[in-house]
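Shown next, in structure tokens, is the structure this report addresses.
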Amino acid sequence: SVLHSLANPEAPVTHFRTGNLETLSRRPQRQEVDTVEALRVWYRKHYCPNRMRLVTYSPESLEHQIEKVQHFFGDIPTGSEACQGPVRSHAKPVAWPPERLGKWVTIL
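For the sequence shown, this note's numbering assigns the number 81 to the initial residue and increments by one for each residue that follows.
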């Protein structure tokens, strides 16, 4: 919460929260929203394996690492139609520009 309070209010990072009992359970129940189904719908639309990156680090040869990667990850589908579009950049506006840094925060 403190980190978010110091961020640029226009930056995407300030709009994301993990949720709590109220936002993830009680409010959806009052609004008759099935949160499990809502998450499934979001997942099908936004889970984009083709936008992910995989890093391997091993004493094994590069060729062997590539073989393992192809074996374990080669059959992952590319995702929904929405995944095929351009990737949105979250670089601007900057979340913590210089004028928002260097602040002393006292937490009581």
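Heads up, the beta-carbon is just placed ideally off N, CA and C, and yes, glycines get one too. Given the structure is predicted, the values throughout are model-derived calculations rather than measurements.
Query: Do T94 and L104 come within 8 Å of each other at the CB atom, strictly closer than that value?; Result: no
Query: From the DSSP output, in three-state form, read off C128 for me.; Result: coil
Query: What's the C-alpha gap between G154 and G182?; Result: 45 Å
Query: Which same chain residues end up closer than 6 Å to A162 when comparing Cβ atoms and leaving out the 5 residues on each side of it in sequence?; Result: K125
Query: Pick from V113, V149, I156, L142: whose alpha carbon is nearest that of G129?; Result: With the sequence shown as reference, residue 129 is identified as Pro, and Gly is not the correct amino acid for it. That would be I156, whose Cα lies nearest to the Cα of P129.
Query: Measuring only the C-alpha atoms, how far is E112 from S85?; Result: 32 Å
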